[in-house]
Amino acid sequence: MARADLETLREEVARLERGSSPAAAARFTTGSQAMDAALGGGIARGALHEIFAEGIADEPAAAAFAVALALRAPGRRPILWVRQDFVGLEMGEIYAPGLAELGLSPDRLILVRARDGPAVLRAGEEAARCPPLGAVIVEPWGNPKALDLAASRRLSLAAARSGLPLFMVRAGGTPTPSAAATRWSIRAAPSRPQLADAPGHPCFTADLLRDRAGAAGRGWTVEWNRDRLAFTDIQGDRAALSRRLVSVAAGGPGDPPEGRSGQRHAG
Amino acid sequence: MGKDTPADLPSDLPLVIVEKIKGAMRLVALSREAKQAGLAAGLTLADARARIPDLWVEDIDHRADAALLDAIAADCDRATPAVMIDAPDGLLLDITGSEHLFGGERQLRLGLSQRLRRAGLHVRTVIASAPDTARALARFGRIAIVPLGGEGAAVRSLPIAALGLPEKDRIAISRAGLKTIGALIDRPTQLFSARFGEAMTLKLNRLQGLAPAPLTTRRAIPMLWAERRFAEPIGRTEDIEAALTDLVRETCDQLSARREGGRVFEASFFRTDGAVRYIAVETGRPLRDPAAVLRLFREKLESLADPLDPGFGFDQMRLALPATEAFAVIQSGLDGRAIEDDAVADLADRLSTRFGADRVLRFLPEDTHNPDRAARAVPASFNPRTSAVWPAPEAGQPPLRPTQIFTPPHLIEIRLADVPDGPPRRFFWRKREYEVVRAEGPERIAPEWWREDAASATRDYFRIEDLAGRRFWLFRAGAYGGEKAPAWFLQGVFA
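Residue numbers (the numbering used here), protein chains in the order written: chain Z, 4 to 270; chain F, 152 to 646.
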C-alpha cells in the first residue's frame, strides 16, 4: 500500500472518530494540520466563508481554493457554483476538464450563471437551503450593491439551517461588514517544481483575515493534493503580512496595476 | 376569411390590396365595396383605376397577414389544441372529441364564427370529416356542415379550382370541358393520372375524404390536457392560482392513472379579447407531484419579465403536457440518496425556471482532443444519456488543464523565447508583464482536420508559472520559419 493511501486511511479513521463528538461534526478538516489547528478543527459547516482574491489575477486561485474546501466537505454530494457572468468574461469560463484535475468530477457540479449581483445572491440563497448539496460556491464580481450586511446574514442563516458550507469567492471586491464565519485572502503561490522545472501542484498562500471562532491574522502556504483531496503544509504558521491586510481594507491599492484595472472593470 | 374595412379609417372608398406580380401591380384582395363595383382579384391596378378612379389602395403586408392569422389561430386554440394554419388565409381545426364541450358541432361552429365576426372578420366555416373537403367547401362551396360520409356528394358541384391544382393543369381540364369536381369523379382515374400525374388522383381522393391528408398543427398536440372554462372571466391572482392548482391536480391525477410523469407543463391563458398567453415550466425528470409543479409555476409567474396580464379577464385556461414519460417510483435506498438526488433535481428545476434553462448547467465530456470542445455545458434540466466519461487524472501528476479558459484565447505579446520552439521568457497580457520561471511543453495539439475550421494552425501548448506563482496555459499557433511569424495566445489560467 502506498504511503499516500495509508495517510488517507488514517485521516478517514481520524475523521470518523471525531465524528462522534457533536462539536467536531460541525467542522471538517482541510488536511493541513497547521490550518486545522488554527481553525479549531477545520472549516465550519453551516456557515458562510468569504474567500477574497488578493489581486484580480488571483481569482483563479481563490476559486480553486473554494473548490478544494468544498471537496473536503464530507459526503461526495453535488456542488453548486453560482457565478456572475462578468467573472467568466474577465477571468475565463469554468473549464470542466481542469476541475476534474483538481479532483472535482464535473458530474458533481451544477453551474448557475447569474447575470448580476442580486441574481448571484438570490440563487446562492436558494441553493444554500438545499441540504442534499455538498457545498455551495457563490461568486459575485466586485462589490455588488445588493451584498450588504443583511444579505450576508441571510446567506449565513440559510447555510446554518441546512448545515451546508457556503463559500463566497470575491474577486475585484473589498471586504465590507459581513456575517461570514471566516474571511480569507488567497493568492497563488509558487509551486514545487516537477521534473525539468515544470509547474507543480497548485499552491496557495492563504491568509486568514478573520475568524469568528478564533484568532485571525495568520497565514499559511499550502499545496492541494488532488489524489488525496487534501491540503498539505508547505510553509507553516506565520503571521499574515500586515501590508496585505492594510491594502485589502483600504480598497485594493496594495497591488497597484491590478487594483486599478479591477476598479475600472467593476463599473 | 377577409379583413373588414375598419370603421375608424378615413375613407369609405372601395379598398383594394395590391402586390407586385410579374412586374405589374395587381389586385390581390378587395373589400366588399370594390367587389360590388365590379373589380376582381388579378386585375392590374392600372385597369382597376381606369374603371374606378377613386380607389383606396394599400400594399399587401404578408407579415402582418401572417401575424393576424396566427393571432386568430391562437384564439381558436380555445376550441381545440389541434389548430393548423392553412396559409395565407385559412385555419383548420381538428375538433374531434372537443365538439361536445360546446354542445355539439353546430354550436361550436356558430360560437366560433360569431366570436370571429365580432372581431371584425369575414369568416366562412365548414365542418367536414376530411380536412381537404372542409377547406375546399369553405372557399368554393355553400354547405356548412357535411354529414358523416357525405364528403363525396358535397364536393361534386364545386369548380375545378377547388382541387388546388397548378394553374396550367386547371386550364387544361377546363379546356377539356370539365367544369366541376363531380365531372372528374365520374370519369376513370387512370385518365387523369396519365395526363396530370398521381398527385391529382390523390388530391381528388382527399377532397372526397377517401385518402388521409397529413396535417401539421400549429402547436404540438398534447398527450394529455385539462381545461377550465369560466362563465365569468377571472382576473384576480388568487382566482388564477386556484384555477391553475385545479388544473395541475387534474393532470397529475391523469398522470398517476397512466403511471407516467411529465417534463413540460404548458399553461395557456385565454383572454376574453382573444389574446393567448402560453407559459411553460420544464423539469429535469418526469414529475407528477402537484405541489412541485405548482412551485415551478409560481417561480415562473413571479420571474416573468413581462407579467401575466389578465386584461378584462381570462375566460378559459388549459394545462397541457406535450409529452409524457414513464415515471420511476422512488426507491428510497438505505442511505436515502435517491430522495436527496430528487431534492437536488428539484432545486435545479426551480433555478432553471427562474433564471432560464441556459443558465443552470451541467457538464458533459466530449470525445475530442480539441481543448475548446472537451466539455459541453448543457442545461441541468436536460437529462441526456451519454457514454463518454470524464478521463481520470493520472495519480501524482499536477493538473495539465486549466480551471478557467478564455474562448477565444487572448492574443499576447512575448519576449525572449530561449529556443525557437521553447516557452517564452516573459509575456504581456492585459498591459501587464509576467516573468516566466517554470514551464512545461510543448504539448502539440493538431486541429481536427475533419472539422470546418481545420485551416487553423497546429497549436503548441505550454504550462507556465510566473514569478508570483500564477499558472497559465499559453500556446503558440504556427511554427517559426514558416511564412508567417507564429502568434502567441493565452488560453487559460490554472489554480
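From the three backbone atoms N, C-alpha and C, an ideal C-beta is built for every residue, glycine too.
Problem - Contact residues within the stretch 111-140 of chain Z, judged by C-beta distance below 9 angstroms to chain F - result: L112, I113, L114, V115, R116, A117, R118, A122, R125, A126, E129, A130, R132, C133, P134, P135 and L136
Exercise for the section: Answer with buried or exposed for Z:R229, where buried requires no fewer than 16 other C-beta atoms within 10 angstroms of its C-beta. Expected result: buried
Practice task
Pull up the CB-CB distance for Z:T33 and Z:L72, whole angstroms please, since I reckon it's below 8 angstroms.
Solution key: 7 angstroms
Problem - Residue(s) in a DSSP beta bridge with F:D649 - result: Shown here, chain F extends from 152 to 646; a query on residue 649 of chain F therefore has no answer.
Exercise for the section: Please go through the same chain and pick out, in chain order, the residues whose beta-carbon is closer than 8 angstroms to the beta-carbon of F:A188, but skip the five residues on each side of it. Expected result: P165, R202 and I203
Exercise for the section: Provide the residue(s) that pair with Z:C206 in DSSP beta bridges, ordered along the chain. Expected result: Z:A192 and Z:E226
Problem - Contact list for F:E491 against chain Z, beta-carbon separation under 7 angstroms - result: P135
Exercise for the section: Leaving out five residues on either side along the sequence, give the residues of the same chain with a beta carbon under 6 angstroms from the beta carbon of F:G622. Expected result: Inspection of the sequence shows that residue 622 of chain F is occupied by Arg rather than by Gly. Here the set comprises E616 and F645.
Exercise for the section: Output the distance between the C-alpha atoms of Z:G254 and Z:G58, rounded to the nearest integer angstrom. Expected result: Confidence in Z:G254 is poor, its pLDDT being 37 and thus under 50, which makes the residue's placement too unreliable to answer from.
Practice task
Compare the Cα-Cα distances from Z:L105 to each of Z:A69, Z:E93 and Z:R215 and report the closest residue.
Solution key: Z:A69
Practice task
Consider the Cβ of Z:L102: report whether some Cβ of chain F lies at a distance smaller than 9 angstroms.
Solution key: yes
Practice task
Look up Z:R173 in the DSSP assignment and say whether it is helix, strand or coil.
Solution key: strand
Problem - In chain order, each beta strand (DSSP E) run of at least 3 residues that lies wholly inside the stretch 429-492 of chain F - result: 465-472 and 475-477
Problem - Neighbour flag for Z:L105 against chain F, beta carbons, 9 angstroms - result: yes
Handout entry: Interface flag, Z:D200 vs chain F, CB-CB below 9 angstroms
Key = yes
Practice task
Assess, as a yes-or-no matter, whether the stretch 588-600 of chain F is touched by the stretch 193-208 of chain Z under the definition of 3 or more beta carbon pairs within less than 8 angstroms.
Solution key: yes
Practice task
Using only alpha-carbon positions, find the residue among Z:L92, Z:T11, Z:A67 and Z:S181 that is nearest to Z:V225.
Solution key: Z:A67
Handout entry: Distance between F:T231 and F:A225 (C-alpha atoms, nearest Å)
Key = 10 angstroms
Handout entry: Cβ-Cβ separation, F:A496 to F:G435 (assumed contact under 8 angstroms), whole Å
Key = 5 angstroms
Practice task
State yes or no: is the beta carbon of Z:M38 nearer than 9 angstroms to at least one beta carbon in chain F?
Solution key: no
Practice task
Could you check what DSSP says for Z:A66 in three-state terms: helix, strand or coil?
Solution key: helix
Practice task
Consider the Cβ of F:E591: report whether some Cβ of chain Z lies at a distance smaller than 9 angstroms.
Solution key: yes
Exercise for the section: Consider the Cβ of F:T554: report whether some Cβ of chain Z lies at a distance smaller than 9 angstroms. Expected result: yes
Exercise for the section: Express the C-alpha separation of Z:F55 and Z:T177 in angstroms, rounding to a whole number. Expected result: 8 angstroms
Exercise for the section: Return the first residue and the last residue of the alpha helix (DSSP H) that F:D216 is part of. Expected result: H213 to C227
Handout entry: 6 angstroms Cβ shell around Z:A233 - same chain, five flanking residues per side excluded
Key = G34
Handout entry: Test: F:L447 CB closer than 9 angstroms to a CB of chain C
Key = Looking for chain C here will not work: the only protein chains present are Z and F.
Problem - Residue interval of the alpha helix (DSSP H) (run including Z:M94) - result: D88 to M94
Handout entry: Where F:Q341 falls, given that 16 or more other Cβ within 10 Å makes a residue buried
Key = exposed
Problem - Segment contact, 8 angstroms Cβ cut-off, at least three pairs: the stretch 467-478 of chain F with the stretch 507-519 of chain F - result: no
Handout entry: Z:S245, buried or exposed, once every other Cβ within 10 Å from all chains shown has been counted against 16
Key = Reliability fails at Z:S245, whose pLDDT of 41 lies under 50, so the model's placement of it is uncertain and the value that follows must be treated cautiously. Exposed.
Practice task
Would you tell me roughly how many angstroms separate the C-alpha atoms of Z:R247 and Z:E53, rounded to the nearest one?
Solution key: No answer about Z:R247 holds up, because its pLDDT of 45 lies below 50 and its placement is not dependable.
Practice task
Using only the heavy atoms of the ligand NAD, determine whether one of them is closer than 8 angstroms to the beta carbon of F:A371.
Solution key: What this structure holds is no ligand at all, so the ligand NAD is not there to describe.
Exercise for the section: Please look up how many angstroms separate the CB atoms of F:F578 and F:L625, rounded, as I've assumed it's under 8 angstroms. Expected result: 7 angstroms
Handout entry: Helix, strand or coil at Z:E104 [DSSP, three-state]
Key = helix
Problem - Interface positions of the stretch 556-582 of chain F facing chain Z (Cβ-Cβ less than 8 angstroms), listed along the chain - result: I556, F557, T558, R581 and K582
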